[in-house]
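Novice:
In my numbering, the protein residues as written are -2 to 248.
1. So, at 8 Å on beta carbons, what are the nonlocal neighbours of residue 77 in its own chain, with the 5 sequence-adjacent residues on each side left out?
2. Report the partner residues of residue 117 according to the DSSP bridge assignment.
3. Going by DSSP, what residue range makes up the beta strand (DSSP E) through residue 212?
4. How many whole angstroms separate the CB atoms of residue 119 and residue 95, which I take to be in contact at a CB cut-off of 8 Å?
5. Which runs of the alpha helix (DSSP H) at least 4 residues long sit entirely within the stretch 43 to 87? Give them in chain order.
6. With DSSP as the reference, identify every bridge partner of residue 236, one or two as the case may be.
7. Does residue 221 get closer than 8 Å to chain B when you measure Cβ to Cβ?
8. Using DSSP with H/G/I as helix, E/B as strand and the rest coil, what is residue 123?
9. Return the chain-ordered list of same chain residues with a C-beta closer than 7 Å to the C-beta of residue 173, the five sequence neighbours on each side being excluded.
10. Assuming residue 204 is part of the alpha helix (DSSP H), what are its boundary residues?
11. Cα separation between residue 249 and residue 199?
12. If you draw a straight line from the C-alpha of residue 176 to the C-alpha of residue 56, how long is it?
13. Can you tell me which of the three DSSP states residue 186 falls into?
14. For residue 229 and residue 191, what's the separation of their Cα atoms in angstroms?
15. Would you call the stretch 89 to 106 in contact with the stretch 146 to 159, where contact means no fewer than 3 C-beta pairs closer than 8 Å?
16. Which residues mark the beginning and the end of the alpha helix (DSSP H) in which residue 104 is found?
17. Three or more C-beta pairs under 8 Å: does that hold for the stretch 61 to 75 against the stretch 97 to 112?
18. Tell me, to the nearest whole angstrom, how far the beta carbon of residue 114 is from that of residue 227; I am working on the premise that it is less than 8 Å.
19. Please report how far the alpha carbon of residue 247 lies from the alpha carbon of residue 205, in whole angstroms.
20. Our contact map puts residue 62 next to residue 235 with C-beta atoms below 8 Å; I'd like the distance itself, whole angstroms only.
21. Kindly indicate which residue of 108, 131, 201 and 99 has the alpha-carbon position closest to the one of residue 168.
22. Between residue 83 and residue 208, is the Cβ-Cβ spacing less than 8 Å?
Following this line, the structure appears as structure tokens:
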């Protein structure tokens, strides 16, 4: 009986509760929505601007250095320079002026055939600080196109004449996926200060990962200094590599 009373007491309030409610029990139906309404529209984020990469040297403990030569090719001095580099089994990187590439394509082909690397040094070796963005782009584009026509290969490296840099250059080279290669050892051979001075501008400060600046057109002093500098560095255990090879040591 107690169990029955408990059941009665339990059920009775529920029955009363239902009876007391006059409003029918309704279930809310889901509101139909289109797929596009369910997807939260996000504003399209602009792609980040490419940033210019500038390399002065590579931090490495390995005894590797890169010889670089600007302003060529020179019909008078480049063949002599190529013969010297071949004698010492050294590969270098040549930053070429576009109009010189078009005037002396055979010299550019000789450089590539000998295992050297080619970089862009503008078309007319102009002061880039006096150029608009369009003018700068044209200088670089014409040179890259000339190099590709002659060699069959695209160049990935750029060096500004006299090392000048500005915002236009940084943006335009980034757009063209060109890495700007500077230097941290300047032979100053273009001043023709004498063989010993050229060597002393480079040798005492040299470390692994350094990029050394020379010029095709510096002439006899340039070559005589290299005839002393290259054997000395090899004796110290240094290896000469192209810029592409040097970049592989980048951490």
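Just so it is clear, CB atoms sit at the ideal spot from N, CA and C, and this is done for glycine as well. Keep in mind it's a predicted model, so treat the numbers as computed, not measured.
Specialist: So, from the data block:
1. To locate residue 77, count along the chain shown from 1; it is residue 80. Taken in chain order, the residues that qualify are 220.
2. Within the chain shown, the letter at position 120 stands for residue 117. Paired residues: 93 and 155.
3. Taking the first residue of the chain shown as position 1, residue 212 is located at position 215. Element bounds for residue 212: 208 to 212.
4. To locate residue 119, count along the chain shown from 1; it is residue 122. To locate residue 95, count along the chain shown from 1; it is residue 98. The Cβ separation is near 7 Å, so the contact holds.
5. 75 to 84
6. Position 239 of the chain shown holds residue 236. In DSSP, residue 236 forms a bridge with 61.
7. Of the protein chains in this structure there is only one, and it is not chain B.
8. Here residue 123 is taken as the residue at index 126 of the chain shown, counted from 1. DSSP places residue 123 in coil when its eight states are reduced to three.
9. Along the chain shown, one-based indexing puts residue 173 at 176. Here the set comprises 137.
10. For this step, residue 204 is matched to residue 207 along the chain shown. Here residue 204 belongs to no alpha helix (DSSP H), and DSSP marks it neither H nor E.
11. Only positions -2 to 248 of the chain appear in this structure, which leaves residue 249 out of reach.
12. For the purposes of this step, residue 176 is identified with residue 179 of the chain shown, where counting begins at 1. For the purposes of this step, residue 56 is identified with residue 59 of the chain shown, where counting begins at 1. For residue 176 and residue 56, the distance between alpha carbons rounds to 17 Å.
13. Along the chain shown, read from residue 1 onward, the residue named residue 186 stands at position 189. Helix.
14. Counting from 1 along the chain shown, the entry for residue 229 is found at position 232. Counting from 1 along the chain shown, the entry for residue 191 is found at position 194. If I take the Cα positions, the gap works out to 18 Å.
15. yes
16. On the chain shown, position 107 is the one that residue 104 refers to. First-last of the alpha helix (DSSP H) with residue 104: 102 to 110.
17. yes
18. In the chain shown, residue 114 corresponds to position 117, counting from 1. In the chain shown, residue 227 corresponds to position 230, counting from 1. Incorrect: roughly 17 Å between the Cβ atoms, too far for contact.
19. The sequence position of residue 247 within the chain shown is 250, counting from 1. The sequence position of residue 205 within the chain shown is 208, counting from 1. Distance between the alpha carbons of residue 247 and residue 205 is about 12 Å.
20. The residue labelled residue 62 in the question sits at position 65 within the chain shown. The residue labelled residue 235 in the question sits at position 238 within the chain shown. Yes, residue 62 and residue 235 are in contact; Cβ-Cβ is about 6 Å, under 8 Å.
21. Indexing the chain shown from 1 puts residue 168 at position 171. When only C-alpha atoms are compared, the closest one is 131.
22. Counting from one through the chain shown, the residue named residue 83 turns up at place 86. Counting from one through the chain shown, the residue named residue 208 turns up at place 211. It is not a contact, given that the beta carbons lie outside the stated cut-off.
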